[in-house]
Amino acid sequence: MKDLKKLTAGILAEKLEGLDAADIEKMIETPPDSTLGDYAFPCFRLAKMFRKAPQMIAQEIAEQLAGETAFHEVRNVNAYVNFFMNRAEAEADAVVDVLEKKDEFGRSDLGAGKTVIVEFSSPNIAKPFHIGHLRSTVIGNSINKIYDALGYDVVRINHLGDYGTQFGKMIVAYRKWGSEEDVRREPIKSLLSYYVRFHDEAEKDPSLEDEARATFARLEQGEKEETELWKWFREESLREFTYVYDLLGIEFDSYAGESFYSDKMDRVIDIMNEKGILQESQGAQIVDLSDYNMPPAIIRKKDGSTLYITRDIAAALYRKETYDFFKNIYVVASQQNLHFSQWFKVIELMGFDWSEQCVHVPFGMVSLESGTLSTRKGQVVFLLDVLNKSIERTREIIKEKNVPAEALEQTAKDVGVGAVVFNELSNNRIKDYVFSWDKVLNFDGETGPYVQYTHARASSVLRRTEEDVKALYEGSAVPDMALASSDAAYELMKAVRKFPKIVEEAGEKYEPSVITRHIIDVAQYFNKFYHDEHILVEDREERLARLAVTIAAKQTIKNGLALLGVAAPDRM
RNA sequence: GCGCCCGUAGCUCAGCUGGAUAGAGCGUCGGACUCCGACUCCGAAGGCCAUGCGUUCGAAUCGCACCGGGCGUACCA
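Right, here's the structure in full:
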């Protein structure tokens, strides 16, 4: 597709001394109202340069560009030069692109040859997968897909919380109150109950905490008995997680969790010593960060065992060496902002200039109407329950619709799961939110089912005239887009044209909601177009043009949903 | 205390790295199916963009201050 903004900037640059096209392109903006044109060039800033009133400048530019064939019209309003593009040309340009690229429409090769790592989801072993884990899982998955679409090689890492003092606690608890049989039958539920009991008992008997720390230290030293138990807990837990990931359609390239780095930490400490940044304080080994207005990073506890931060540093070193990443992205809750600032700084102090390639992508907290999530206190909503309820509700609704019986289950899953995922990705990730059943199970308005419905509706139209559609794809019929250049069609096609830029923006900001918002726009424009104009008209030429618009809308929605990890069924 | 984040319509949120009268959805009220899928569409009501000062030709957007909320703040993750 042609970049019409760039083209406009280029033409303006010829008329304006002292400004190059790149500067002008940055100044060009989109008018608040489409009746004011497709692009606008504000002239306020030129006033000083040309020592003239901005309105005058705008007027003169508009007059000079009056005959320019690249534009349908150039109009002056106040201090703005407003550009109206040739609708049919712009639409045709996009249609050709969509017909040719299909599922690839919106993809680019910006990141060719570069590797991006995304660490996301990362649940704790032996704890249930709840609504709080959904954000990292779904945001991380989408960021992966976005970077993949931008041409990067992506590596999806599930940094399982499979290590740390908590496993000391778990092992102590299992030995005291656990049963092998229960763990085999209901692994997470049983392990969790031991864990909860541990905390209750430890309140009465604080020596349990010391015992747990000692047990973890033995695990870290590779003692056989502890290691066997730990391995077993990990396997059982992973089996349950996989079920949820399958439902969400999410895959990982690596499950190297914290434990994977347990033997890679001495090196980290050696490097720190070489650089002379490690010091002893209150029996622990720390890196002092007071020069950077941060509390110290504790690298090694007084009992010799390591912490989260040490493992993250070891993991980053390993990943740099293994993958030579261009970017190393962490999709982790904003609660850990300080943690990431600390260890990014430590890495820099260790002399690694790639510390700036490490990016923390934080997101806001999820809470319940009854308060903060707490697995231990039973204040929790399980993700599986949410997904199942949503699927169930979808099944009820689509039973009477146009879904063949054999496709019902799959469709209920696509739409039900899609609703939950879409909902999760519709707001800026940094915002906190309160989980509400009403909200996830509401399918009206700006929701996944709304967008999916729009897609299914477009598919339905296309299904009715397969010959025409085939002809368009094969190129044996070339649509005359002048026959579909109404306001409704044009606004829709403008949104389609914008899609590749939207993908780039979402990548730059690490913000899937940019895509979510945009495909809602596309769906809204399509629904308006659909209502305003009959697509399957008698006249073939007119019909082909409107079908081309329909194909473009459907494809954009489908590709956008794919980047969110949401399916786009043809019927629902 | 200190640090970071959030504060836009009754509710949930957009608002592009400063621009032309601040936009959606939900909810409320009122309309549109003998017509390509009504999980749809159209219309109405609803705002001193928390507050104050500043920078600027121009501020919801940038800076400072202040209020309210969240998170974090040495051996949990």
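As numbered in my numbering, residues 1141 to 1712 make up the first sequence, in order.
Glycine included, C-beta positions come from ideal geometry on N, C-alpha and C.
Proximity of residue i and residue j at Cβ, strictly below 8 Å
i: residue 1257; j: residue 1469; result: yes
i: residue 1427; j: residue 1457; result: no
i: residue 1655; j: residue 1703; result: yes
i: residue 1592; j: residue 1693; result: no
i: residue 1538; j: residue 1712; result: yes
i: residue 1705; j: residue 1390; result: yes
i: residue 1506; j: residue 1400; result: no
i: residue 1263; j: residue 1300; result: yes
i: residue 1231; j: residue 1625; result: yes
i: residue 1556; j: residue 1587; result: no
i: residue 1337; j: residue 1289; result: no
i: residue 1269; j: residue 1524; result: yes
i: residue 1328; j: residue 1266; result: yes
i: residue 1679; j: residue 1628; result: no
i: residue 1238; j: residue 1691; result: yes
i: residue 1438; j: residue 1479; result: no
i: residue 1434; j: residue 1485; result: yes
i: residue 1152; j: residue 1644; result: no
i: residue 1381; j: residue 1331; result: no
i: residue 1530; j: residue 1560; result: yes
i: residue 1670; j: residue 1631; result: no
i: residue 1687; j: residue 1602; result: yes
i: residue 1318; j: residue 1303; result: no
i: residue 1569; j: residue 1651; result: yes
i: residue 1194; j: residue 1187; result: yes
i: residue 1296; j: residue 1284; result: yes
i: residue 1112; j: residue 1425; result: Lying before the first or after the last residue shown, residue 1112 is absent from the chain, which here runs from 1141 to 1712.
i: residue 1695; j: residue 1142; result: no
i: residue 1514; j: residue 1520; result: yes
i: residue 1286; j: residue 1565; result: no
Assigned exposure category for residue i - 16 Cβ within 10 Å defines buried
i: residue 1475; result: exposed
i: residue 1209; result: exposed
i: residue 1718; result: There is no way to answer for residue 1718, as the model of the chain reaches only from 1141 to 1712.
i: residue 1636; result: buried
i: residue 1477; result: exposed
i: residue 1145; result: buried
i: residue 1388; result: buried
i: residue 1676; result: exposed
i: residue 1261; result: buried
i: residue 1383; result: exposed
i: residue 1589; result: buried
i: residue 1282; result: buried
i: residue 1698; result: buried
i: residue 1640; result: buried
i: residue 1422; result: exposed
i: residue 1398; result: buried
i: residue 1379; result: exposed
i: residue 1351; result: buried
Host alpha helix (DSSP H) of residue i (start-end)
i: residue 1723; result: Outside the displayed range of the chain (1141 to 1712) lies residue 1723, so it cannot be described from this structure.
i: residue 1532; result: 1523 to 1538
i: residue 1293; result: Not the alpha helix (DSSP H): residue 1293 falls in the beta strand (DSSP E), residues 1293 to 1297.
i: residue 1269; result: Here residue 1269 belongs to no alpha helix (DSSP H), and DSSP marks it neither H nor E.
i: residue 1493; result: Segment: none, residue 1493 is in no alpha helix (DSSP H) and carries neither H nor E.
i: residue 1305; result: 1305 to 1317
i: residue 1407; result: 1405 to 1415
Host beta strand (DSSP E) of residue i (start-end)
i: residue 1698; result: Not the beta strand (DSSP E): residue 1698 falls in the alpha helix (DSSP H), residues 1680 to 1704.
i: residue 1100; result: What is shown of the chain runs 1141 to 1712, which leaves residue 1100 out entirely.
i: residue 1500; result: 1498 to 1501
i: residue 1420; result: 1418 to 1421
i: residue 1574; result: 1573 to 1575
i: residue 1506; result: 1506 to 1508
Margin query: To test your reading of the DSSP string, which unbroken alpha helix (DSSP H) runs of 4 or more residues are found completely within the region 1334 to 1390?
Written below: 1347 to 1360, 1364 to 1388
Check your understanding: Are the region 1257 to 1273 and the region 1221 to 1229 touching by the rule of at least three beta carbon pairs closer than 8 Å?
Key -> no
Query - alpha helix (DSSP H) runs wholly inside the region 1179 to 1256, at least 4 long, in chain order - result: 1186 to 1190, 1194 to 1204, 1227 to 1241
Margin query: Contact between the region 1448 to 1464 and the region 1479 to 1490 is defined here as three or more beta-carbon pairs at a separation below 8 Å; is this criterion met?
Written below: yes
Margin query: Would the region 1610 to 1620 count as touching the region 1225 to 1239 if we require 3 or more Cβ pairs under 8 Å?
Written below: yes
>> Restricting to runs no shorter than 4 residues, where is the alpha helix (DSSP H) found entirely within the region 1428 to 1487?
In response: 1448 to 1463
Would you be able to state if there are at least three C-beta pairs under 8 Å between the region 1308 to 1326 and the region 1352 to 1359? yes
Just list the alpha helix (DSSP H) runs in the region 1620 to 1678, keeping only unbroken ones of 4 residues or longer that don't cross its boundaries, in chain order.
-> 1627 to 1649, 1653 to 1672
- Item | Whole runs of the beta strand (DSSP E) within the region 1537 to 1592, excluding any shorter than 3 residues | 1573 to 1575
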